[in-house]
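Numbering (the UniProt record's numbering), first residue to last: 1 to 283.
Data first, discussion second: the structure below is written as structure tokens.
Given below as structure tokens:
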């Protein structure tokens with residue numbers, strides 16, 4: 001672990017928990033990670049961000065989890081945010097899972113006795129699901145927010161000889177227009193087209209998840225999804241969910257909510273549902 005600094009400059013205007021910024025070697029260069037400390041923590045929350053974004057967008061999520069008794073960690077995936085690598089290029093998601101595992105291992109050395117709850121959003125939900133299949137014994141619970149599973153309409157772009165410029169309609173992120181405006185203005189967010197190699201890697205990972213099946217009846221899991229999610233439609237996700245869900249599985253659909261439910265107008269309700277689930281699991 002190298003390069004630890006304290007930074008809360010992105011949170012001007014409200015009181016937010018300070019975080020440590022640190023670095024480690026990933027499969028394709030330096031990976032940047034954050035730890036939001038909590039000296040009274042009794043569980044470890046691991047945040048896994050989605051495609052094209054970065055872990056810095058999860059400050060308010062970390063704050064809510066810290067208030068609920070967690071120490072929180074998360075990293076920018078390869079080619080995302082402040083991590084090294086060609087922008088938004090994923091060659092193989094098994095290596096991305098390896099990076100995430102190394103982040104958890106290095107953090108767990110400091111929080112060795114805390115139960116781990118993995119929380120993945122969007123493409124991060126796909127990564128978190130594959131992580132749960134490979135490292136089930138490490139996890140106490142899994143939370144999936146609008147996860148890419150089963151099928152994903154973005155893969156239709158592979159039919160084009162040249163991937164078209166098709167920027168995200170920011171209005172599909174949240175009913176709060178401020179969320180879309182902040183996303184569009186964020187220099188660490190990717191605003192360009194998909195990489196063909198990334199789409200191939202996503203398609204391969206979805207197939208791998210389907211082939212490996214349920215991550216176990218003894219892993220409590222919570223699936224959260226916006227009922228009006230146009231970026232990752234709930235019907236597409238359900239086909240994948242049905243292949244991995246075990247007996248300890250719960251789901252909540254939020255009518256009217258769009259893709260980024262942690263940034264939705266009812267985000268306090270969503271985060272409250274996450275906290276309630278974790279507290280039930282922890283007993």
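Ideal Cβ positions, reconstructed from N, Cα and C, are used throughout, including at glycine.
Every value quoted in this text rests on a predicted model; they were computed, and no experiment measured them.
Beta-carbon spacing of residue i, residue j below 8 Å
i: residue 140; j: residue 35; result: no
i: residue 47; j: residue 58; result: yes
i: residue 75; j: residue 103; result: yes
i: residue 157; j: residue 199; result: yes
i: residue 65; j: residue 79; result: no
i: residue 164; j: residue 191; result: no
i: residue 49; j: residue 19; result: no
Contacting residues, own chain, Cβ-Cβ under 6 Å from residue i (five flanking each side not counted)
i: residue 277; result: 222
i: residue 275; result: 68
i: residue 280; result: none
i: residue 272; result: none
i: residue 81; result: 54 and 188
Spatial distance of residue i from residue j (CA atoms)
i: residue 56; j: residue 189; result: 10 Å
i: residue 193; j: residue 257; result: 25 Å
i: residue 154; j: residue 254; result: 23 Å
i: residue 264; j: residue 61; result: 12 Å
i: residue 41; j: residue 131; result: 23 Å
i: residue 236; j: residue 127; result: 17 Å
i: residue 12; j: residue 93; result: With a pLDDT of only 36 at residue 12, under the threshold of 50, the placement of this residue in the model should not be trusted; the figure read from the coordinates follows. Straight-line Cα distance between these residues: approximately 34 Å.
i: residue 159; j: residue 30; result: 33 Å
i: residue 220; j: residue 120; result: 14 Å
i: residue 196; j: residue 110; result: 39 Å
i: residue 283; j: residue 124; result: 27 Å
i: residue 208; j: residue 202; result: 10 Å
i: residue 24; j: residue 134; result: 21 Å
Top-ranked residue by Cα proximity to residue i, from the options
i: residue 27; options: 50, 206 and 100; result: 100
i: residue 179; options: 267, 238 and 210; result: 267
i: residue 115; options: 130, 129 and 137; result: 137
i: residue 249; options: 66, 77, 144 and 95; result: 144
i: residue 86; options: 169, 52 and 117; result: 52
i: residue 32; options: 73, 112 and 118; result: 73
i: residue 142; options: 251, 105 and 84; result: 251
Residues near residue i in its chain [Cβ-Cβ closer than 8 Å; skip 5 each side]
i: residue 259; result: 122, 146, 172, 173, 174, 226, 229, 230, 231 and 232
i: residue 184; result: 170 and 191
Beta-carbon contacts of residue i that lie in its chain and below 7 Å, excluding the five residues immediately before and after
i: residue 91; result: 197 and 201
i: residue 70; result: 38, 41, 43, 44 and 45
Exercise. Please determine if the region 137–151 and the region 172–181 are in contact, where contact requires at least 3 C-beta pairs separated by less than 8 Å.
Key: As far as the Cβ criterion goes, the region 137–151 does not touch the region 172–181, which means the pair count is below three.
Original post:
Are at least three pairs of beta-carbons, each pair with one atom in the region 238–249 and one in the region 210–220, less than 8 Å apart?
Top reply: Counting C-beta pairs with one atom in each stretch, the region 238–249 and the region 210–220 have three or more that are closer than 8 Å, which means they touch.
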